[in-house]
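Participant: There's a structure below that I have some questions on.
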Amino acid sequence: MERRLHHLLKSFKYLFYFYVAVLILVAVYVIVSKSYNVNLLIACGIVFGGNLFLGIVTQSSNYIIEKYSYTDKSRDFLYLNFTDCFFRSLAGLAEIILYTVSFAMGMESLVAGYLLLKTVSIWQDKDNYNNKKEGLHTAILRIAIVISLLISLVAAFYLKKFINSN
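The sequence shown begins at 2 in this note's numbering and counts up by one.
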């Protein structure tokens with residue numbers, strides 16, 4: 002158990018490093034481009050804050066599943082190293098940005114198509130069909146997708162206000 006808690010704390014450390022780097026890049030962009038529009042900054046804050054929230058919640062949920070499970074049939078879903086955290090967090094951030102921009106531009110069919118492709122790719126994994134632990138991780142993934150769509154809808158509201166003001 003101590004080992005898994007150590008892995009959770011390392012996952013949080015990796016998340017911290019990732020989001021500090023992203024925040025620095027966004028701050029440099031805002032300073033250089035002089036984009037001080039409040040609606041754009043609110044939309045960016047919602048996207049980044051929401052994605053950070055999702056990262057913390059999913060890692061904490063995966064830790065709880067790993068801690069209280071009795072079988073060792075599935076892989077560990079906590080971040081193994083910074084590279085694992087970087088690419089998984091970047092994918093999540095890219096998804097939320099895709100959802101937000103698509104909703105703001107009125108292209109909801111793009112989001113629907115992407116979610117369809119994502120669902121089909123999950124169906125391909127028949128090896129873990131009866132594993133209850135994998136089912137819990139899939140439930141966390143579904144909850145994260147719903148929350149990311151809601152976060153994107155809110156951010157799209159402010160992004161649309163920014164687009165309409167320019």
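The beta carbon of each residue, even a glycine, is placed where N, CA and C say it ideally should be.
Keep in mind the model is a prediction, meaning the values are calculated, not measured.
Below 8 Å on the Cβ atoms is my contact criterion, and I expect Phe78 with Tyr15 to pass it. Report the Cβ-Cβ distance as a whole number of Å.
Facilitator: Contact doesn't hold; Cβ gap of about 14 Å is too wide.
Participant: Within its chain, find whatever has a CB closer than 7 Å to the CB of Met2; leave out the 5 residues flanking it on each side and keep chain order.
Facilitator: Any reading at Met2 is ruled out, since the residue's pLDDT is 49, under 50, leaving its predicted position unreliable.
Participant: Counting pairs of Cβ atoms below 8 Å between the stretch 31-45 and the stretch 87-94, do you hit three or more?
Facilitator: no
Participant: Let me know if Phe17 comes out buried or exposed under the rule of 16 or more other beta-carbons within 10 Å of its beta-carbon.
Facilitator: exposed
Participant: Give the C-beta separation of Ala95 and Ile164 to the nearest angstrom, bearing in mind that I take them to be a contact with Cβ-Cβ under 8 Å.
Facilitator: The pair is not a contact, with the Cβ atoms about 20 Å apart (cut-off 8 Å).
Participant: Would the stretch 48-55 count as touching the stretch 19-38 if we require 3 or more Cβ pairs under 8 Å?
Facilitator: yes
Participant: Buried or exposed, going by whether 16 or more other CB atoms sit within 10 Å of the CB of Val147?
Facilitator: exposed
Participant: Assign Leu24 to one of three DSSP states: helix, strand, or coil.
Facilitator: helix
Participant: Mind reading off the beta-carbon distance from Tyr64 to Leu9? Whole number of angstroms is fine, and I expect it under 8 Å.
Facilitator: 4 Å
Participant: Would you report the Cα separation of Tyr30 and Ile144, rounded to the nearest angstrom?
Facilitator: 32 Å
Participant: Identify whether Phe78 lies in helix, strand or coil by the three-state DSSP scheme.
Facilitator: coil
Participant: With DSSP collapsed to three states, give me the class of Met2.
Facilitator: Low per-residue confidence applies at Met2: pLDDT is 49, beneath 50, and the placement is therefore not dependable, though the value from the model is reported in the following sentence. Reduced to three states, the DSSP call for Met2 is coil.
Participant: Between Thr139, Ile66 and Glu109, which lies nearest to Thr120 when the distance is taken from Cα to Cα?
Facilitator: Thr139
Participant: For Lys35, does the three-state DSSP call read helix, strand or coil?
Facilitator: coil
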